[in-house]
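Quick notes on the structure that follows.
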Amino acid sequence: MTKTPLIIDCDPGVDDAVALLLAFGAREALDILAITTVAGNVAADLTARNARLIRQIAGREDVPVYVGASAPLVRPPIIASHFHGESGLGTLPVFEPDAPVAPGEAAQAIVDIVMNRPAGTVSMAVTGPMTNLALALQREPALAARLGPVIVMGGARREGGNITASAEYNIHADPHAADLVFRSGVKTVVLGLDATHQVRATPDRVAAVKAIDTPAAKAVAQLFDFAVWTEQTHVGGDSPPQHDPCTILYLLAPQHFTAAPVDLQVETQSALTMGHTAVEFRLADPAAATCRWVTDVDHEAVFAVMLEILA
Ligand code: RIB
Ligand code: CA
């Protein structure tokens, strides 16, 4: 199997951390070129520390971590520590990781990595506010045509919003960045809440992870326990959706995801609906669409892939 060259842009964050552990574990399938971090769930210094911490648990200090934007393009930062804990990693024991961040900043690292490789060969998973990718596209517009698919966790249509009535957090936190990315024409596959709400850490799946005796599975089990607590506390129910892991699981097993070509536009004017994703399926020329929206997920199959990697 040829490995997929991949940049992961994230704001760890409990579910970002699960996504990273899956990606680091999928050594045969993914060639992780870089992790870039951004302010989001918690501040930029913490998301960078958390990416390094998860990297150390996974034993993957071979992968560089680049620190990215500490604030959205236009709006003030909106953190979500109520969902991720003060550290950003729930109750996972926090320590100062051994290996430092890589020199240079995230947006430039994205430009350098993609522009120095053949067009269409580098994919990207974006699991936080899209600030770093927007900055990279502003710096080097040719990126839009060279970057392989960008797998985005963000947006919502059928499910409504999770941070406001009509907006999902990643897009709401930096709507101007999202707007720039989707207008750039870069190829995207978008896993909104319509998709990620189908992929939940149910009690039997949490138990299955707890039965696996590997460092990654033990960390995921602890992250799941915290996610269950926040779901029970803030939303209701005992099965937290696995938003960010869906981007990695899509890259590993796209056959379990159903997507359709859409025109996706982002609200950047109205305070009431800021960050809303208007997802239009009725296209004059579906073949011309650069965005594909995931509508259905075979969640049983996807969790089987997750367990296989953690083992
Ligand atoms: O809406 C879910 C997204 O917001 C996830 O990426 C989660 O980590 C939070 O950032
Ligand atoms: Ca995230």
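Using the working numbering, the first residue of the sequence shown is number 4, and each one after it goes up by one.
C-beta atoms are modelled at their ideal positions from N, C-alpha and C, and glycine is treated no differently.
Does the distance between the C-beta of residue i and the nearest non-hydrogen atom of ligand 3 fall short of 7 Å?
i	result
T130	Although ligand 3 was asked about, the structure shown includes only ligand 1 and ligand 2 as ligands.
Less than 8 Å separating the beta-carbons of residue i and residue j?
i	j	result
V184	L146	no
D18	P248	yes
P152	S169	no
A211	G28	no
A159	G195	yes
V202	H85	no
I10	I113	yes
A230	V300	no
L226	A26	no
V223	L24	yes
P264	A292	yes
A314	I215	yes
P178	G278	yes
Which value, in whole angstroms, describes the spacing of the CA atoms of residue i and residue j?
i	j	result
P8	W232	35 Å
T276	G163	11 Å
H259	A307	11 Å
L33	A22	13 Å
W296	G62	34 Å
A274	T191	26 Å
A109	T236	34 Å
R52	C294	32 Å
R78	D182	13 Å
E31	T5	8 Å
P206	P75	36 Å
R285	R161	15 Å
P289	T261	15 Å
Of the choices the options, whose alpha-carbon is the least far from that of residue i?
i	options	result
V117	G164, M133, R142	R142
P121	D12, V223, A222, L150	L150
T134	K6, M4, A42, T217	A42
A128	D12, Q235, T217	D12
G16	K6, G88, L76	G88
S73	F86, V97, H85, V45	V45
H200	T298, I10, H279, V97	T298
Y253	A291, L138, V155, F284	V155
T124	A105, A102, A148, D101	A148
A204	H279, R186, G240	G240
A287	H279, G278, D266	D266
R186	L136, T50, P244, D115	L136
Consult DSSP for residue i and reduce its assignment to one of helix, strand or coil.
i	result
F260	strand
E89	coil
L310	helix
E303	helix
S126	strand
T39	strand
M156	strand
E108	strand
A281	strand
D14	coil
R295	strand
Q59	helix
V189	coil
D48	helix
P8	strand
Q268	strand
R203	strand
T236	helix
T167	strand
Can we say the stretch 61-73 touches the stretch 32-41, given the rule of at least three CB pairs closer than 8 Å?
-> yes
Determine contact between the stretch 167-178 and the stretch 261-270, defined as no fewer than three beta-carbon pairs at a distance below 8 Å.
-> yes
Is there contact between the stretch 44-62 and the stretch 92-99, where contact requires at least three CB pairs shorter than 8 Å?
-> yes
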